[in-house]
Amino acid sequence: MRPSELSFADLDEFSDLVWRTAARHPSFDTAALAAFLQRPEALVRAEVDRLADLGLLRRAGNRWEPQDPLLVLEARHAARAAELDAERAAMAAERARLYGSGLFADYLAGRRRFGTHAGIQVYERDEIFARMADLTVRAEASIRFLMSGPPAPGFAGLPDLLAPAGGRGVEVSSVWTTAAVSGVQRRREGRGVPPMGRLLVAEHVPTRTIVWDSRAALIPLDDGDLDRGGVLVEAPALVAAVAGMVERVESAAGARPPQPAAGAGSGVLRRRRALLLLFDQGHDDARAARELRVSVRTVKRDVEHLYAEWGVTSRFALGAAAVRAGWLGRDGVSR
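Reminder that position 222 of the sequence shown reads as 218 in the working numbering, one-by-one numbering, no gaps.
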């Protein structure tokens, strides 16, 4: 294969000839290359300079050393990949600013005002929770939401609203900012986020959003002022647009790795590790409480805390998360 076949711009047969001659005659300087090739020295010098700019030749004193084309090509591809990653990151940041600015919600509300209102409805703040409850009851496959801050006053029943849906097989997933998680922990006196299916964490979330199946989506008119109400979207194309935004945030967030309880004392951590081992051995809450010499209420509180910290909703999932976190070995042995 020739260098001109390796996606290097504007290389041709003469480029290949100069590179191969330099490779075969490492003692040649530019003048010697021109004499050997029987070409004007100025023409050869221009081509050598171009090959050097591409990284295919490197000056060594008065000579030119050829460089491995494969390594040069890999470096070029790596540079392009880095540029694409930077561009994607910039686009994600732009999208976050767009959604966070309220322009997206204003656009949807504007379509409603100017007559293209099929599938779009603006709700007052006090109307929203009842509409959310209705859509949650009717959800069949998935409920996905973003939380850029703690639940607003009047929406504290969100976990109770979602739990029955998860119980009947609806996939519930969410992405929370770290600030939102911290806010819930403060409200719940350090007990963490209540169990609400799969929970992901991101440093930034564009706006509070919830999507039911591919049927409906709800976003606030102003994420910074929830009293302004929200926009319920049921037009398929617009639901797909909102769902696409949620998917991008989920992809950027990645799965939240299991973490030990933040701020818990070493005694509490030891007790919770021991509790998981007892569960793995088949103990129920009452027997585990007796073994640990604590109340059943403490056991249930520890379980609720671990559910919230690790984003799970069942004892089986809790055991799997404990293995991933290194709290239990895959053979059930505490580590």
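Where is the CB? At the ideal position from N, CA and C, for every residue including glycine.
Reducing DSSP to helix, strand and coil, say where residue i ends up.
| i | result |
| --- | --- |
| Glu61 | strand |
| Arg334 | Not covered by the structure: residue 334. The range shown for the chain is -3 to 331. |
| Leu214 | strand |
| Leu7 | coil |
| Leu228 | strand |
| Val264 | helix |
| Trp15 | helix |
| Thr132 | helix |
| Asp221 | coil |
| Pro22 | coil |
| Ser310 | coil |
| Arg269 | helix |
| Gly315 | helix |
| Gly278 | coil |
| Gly145 | coil |
| Arg164 | coil |
| Phe110 | The predicted model places Phe110 with a pLDDT of 43, which falls under 50 and marks its position as unreliable, so this point remains unresolved. |
Indicate whether residue i and residue j have their beta-carbon atoms separated by less than 8 Å.
| i | j | result |
| --- | --- | --- |
| Lys296 | Asp276 | no |
| Ala285 | Thr294 | yes |
| Leu338 | Val177 | Since the first and last residues shown for the chain are -3 and 331, residue 338 lies out of range. |
| Gly115 | Ala213 | no |
| Leu142 | Val242 | yes |
| Ala135 | Asp209 | yes |
| Leu288 | Ala313 | no |
| Ser144 | Thr203 | yes |
| Ala27 | Glu37 | yes |
| Val40 | Leu50 | no |
| Gly225 | Leu234 | no |
| Leu332 | Gly315 | Here the chain comprises residues numbered -3 to 331, so residue 332 is not present and cannot be evaluated. |
| Leu222 | Arg127 | no |
| Glu43 | Val14 | yes |
| Val245 | Val207 | no |
| Thr205 | Ala161 | no |
| Arg267 | Leu302 | no |
| Pro65 | Leu52 | yes |
With residue i as the anchor, note down where its alpha helix (DSSP H) starts and where it stops.
| i | result |
| --- | --- |
| Trp306 | Val292 to Trp306 |
| Phe32 | Thr26 to Leu33 |
| Arg283 | Asp281 to Leu288 |
| Leu39 | Glu37 to Asp49 |
Along the chain, where does the beta strand (DSSP E) that runs through residue i open and close?
| i | result |
| --- | --- |
| Arg54 | Leu53 to Ala56 |
| Glu357 | An answer regarding residue 357 cannot be provided, because it is not within the stretch -3 to 331 covered by the chain. |
| Thr205 | Thr205 to Trp208 |
| Arg194 | Arg194 to Ala198 |
| Val201 | Segment: none, Val201 is in no beta strand (DSSP E) and carries neither H nor E. |
| Gln117 | Ile116 to Tyr119 |
Less than 7 Å between the CB of residue i and some heavy atom of the ligand NAD, yes or no?
| i | result |
| --- | --- |
| Val299 | The ligand NAD is absent from the structure shown, which contains no ligands of any kind. |
At least three beta-carbon pairs within less than 8 Å, the region 50 to 66 to the region 10 to 22: yes
Quick check: the region 155 to 175 against the region 193 to 209, are at least 3 beta-carbon pairs closer than 8 Å? yes
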